[in-house]
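Asker: Okay, handing you the structure first.
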Amino acid sequence: MNMKRISMAVCLFVAACGGEDGGPAAEPTAYADMSFEERVVFMNDVVLPEMKEVFVAFDPKFEAMSCATCHGNGATDGTYTMPSPQIPVLPGTEEAFLEYVKDPEAARWSQFMLDKVSPRMAELLQVAVFDHETNPNGFSCHNCHTLEGVPGGTP
Ligand code: HEC
Ligand code: HEC
14 MNMKRISMAV CLFVAACGGE DGGPAAEPTA YADMSFEERV VFMNDVVLPE
64 MKEVFVAFDP KFEAMSCATC HGNGATDGTY TMPSPQIPVL PGTEEAFLEY
114 VKDPEAARWS QFMLDKVSPR MAELLQVAVF DHETNPNGFS CHNCHTLEGV
164 PGGTP
């Protein structure tokens, strides 16, 4: 992980970075506090390159990763709404999920998503990752994936 590179990229669009009049450097804006336009810039400069690295380590086909890989049609209609109905729909219950990961490919992908994708994405967004006991509303699979039988894809 390279925090320095991230904060530098964030600095590119935070006008107050470094303080022109010699004042103290401003903290980079957190994702939650960004405007929609700032989020577009942040996704371009930080999220896409950082997440591409994560995905390519799993499968070289992700050299071609783009905004649409995660956002589906939201990347072309400009809404960037998540979760995205165009990425694979995941099972909506724990029982169905356990059934789903009996398939070795589903299990392999899920393990990668759990170990690498979710934690890295949460880190970039500066939010805490989901935890059954301690953080049930934290960042999880369904921030990106819709879930079967759940309207709008989010429980
Ligand atoms: C690895 C997956 C991934 C990629 C690649 C990605 N994004 Fe995102 N993006 C997300 C996630 C996840 C969120 C939603 C965060 C949340 O609110 O939970 C998001 C949110 C956004 C938002 C904010 C939407 C809102 O409602 O405020 C914008 C705008 C956006 N992305 C633009 C882009 C652009 C432009 C690109 C390509 C340069 C891109 N994204 C690439 C995962 C991704
Ligand atoms: C930052 C967004 C994001 C998060 C968070 C995320 N995924 Fe994914 N996932 C994706 C994208 C994008 C793809 C599709 C990649 C492609 O184009 O092949 C994908 C693909 C998958 C696949 C492959 C399905 C198939 O049929 O090919 C599985 C399984 C999967 N994810 C499970 C999970 C699980 C389980 C979690 C939570 C632990 C999770 N994902 C979290 C973005 C995400």
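Just so you know, we're using the working numbering here: the sequence shown kicks off at 14 and counts up by one. Virtual Cβ for every residue (Gly too), placed ideally from N, Cα, C. Just so we're clear, the structure is a prediction, and the values are computed from it rather than from any experiment.
1) Quick one: any contact between the segment 76-87 and the segment 96-106, if contact means 3 or more CB pairs under 8 Å?
2) Of all the options ARG133, GLU108, VAL142 and LEU137, which has the alpha carbon lying nearest to the alpha carbon of PRO41?
3) How many Å lie between GLU161 and ASN150 at the Cα?
4) State the start and end residues of the unbroken alpha helix (DSSP H) segment that holds SER131.
5) Jot down the residue ranges of each uninterrupted alpha helix (DSSP H) in the segment 36-104, minimum 4 residues, whole runs only, in chain order.
6) Give the single residue among LEU61, GLU63, LYS65 and PHE71 whose Cα lies nearest to the Cα of GLU118.
7) Could you give the residue range of the alpha helix (DSSP H) that holds LEU160?
8) Would you mind reading off the limits of the alpha helix (DSSP H) that contains GLU146?
9) Taking DSSP as the reference, what is the three-state secondary structure of ASP116?
10) Taking C-beta to C-beta, are VAL69 and GLU63 nearer than 8 Å?
Answerer: The relevant details are as follows:
1) yes
2) LEU137
3) 19 Å
4) 131-138
5) 49-55, 61-71, 80-84 and 87-90
6) PHE71
7) Looking at the DSSP string, LEU160 is not in any alpha helix (DSSP H), and its letter there is neither H nor E.
8) It is not in any alpha helix (DSSP H) - GLU146 carries neither H nor E in the DSSP assignment.
9) coil
10) no
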